[in-house]
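Below is one structure, written out as structure tokens; the observations come after it.
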Amino acid sequence: MPTRIVEVEVADVRFPTSAQLDGSDAMNPDPDYSATYVTLHTDREDLVGHGITFTIGRGNELCVAAVRSLSP
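Using the working numbering, the letters of the sequence shown correspond one by one to residues 10 to 81.
This is the structure in structure tokens:
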């Protein structure tokens, strides 16, 4: 029997880098680096998956929404 994903946890992680302008440039004057962190739970207790994607802040909510739309 194939392993199934039974639950997806999604975290919208934000780093306030715009406070000191860390990582700023001409195109991104006030970036708040962000990440979408995903934990996949399977029907096997010993098998859990983890994933992460980084953004410059804008659009991170879209990554979170995309993951949630694919959740079982």
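For each residue, glycine too, the CB sits at the ideal point set by N, CA and C. In this text, all values refer to a predicted model and were calculated from it rather than measured experimentally.
Exercise. What residues are listed by DSSP as bridge partners for serine 43?
Worked result: Looking at the DSSP assignment, serine 43 forms a beta bridge with Arg23, Thr64.
Exercise. Looking at C-alpha atoms only, which residue of Val57, Arg67, Asp52 is the closest neighbour of threonine 26?
Worked result: Nearest neighbour of threonine 26 by Cα position, chosen from Val57, Arg67, Asp52, turns out to be Arg67.
Exercise. Between which two residues does the alpha helix (DSSP H) harbouring glutamate 54 extend?
Worked result: For glutamate 54, there is no enclosing alpha helix (DSSP H), as DSSP marks it with neither H nor E.
For this session: Report yes if the C-beta distance between alanine 44 and valine 22 is below 7 Å; otherwise report no.
Result: Cβ distance < 7 Å, so alanine 44 and valine 22 count as in contact.
Problem set entry | serine 80: first and last residue of the uninterrupted alpha helix (DSSP H) it sits in | Following the DSSP letters along the chain, one finds serine 80 in no alpha helix (DSSP H), marked with neither H nor E.
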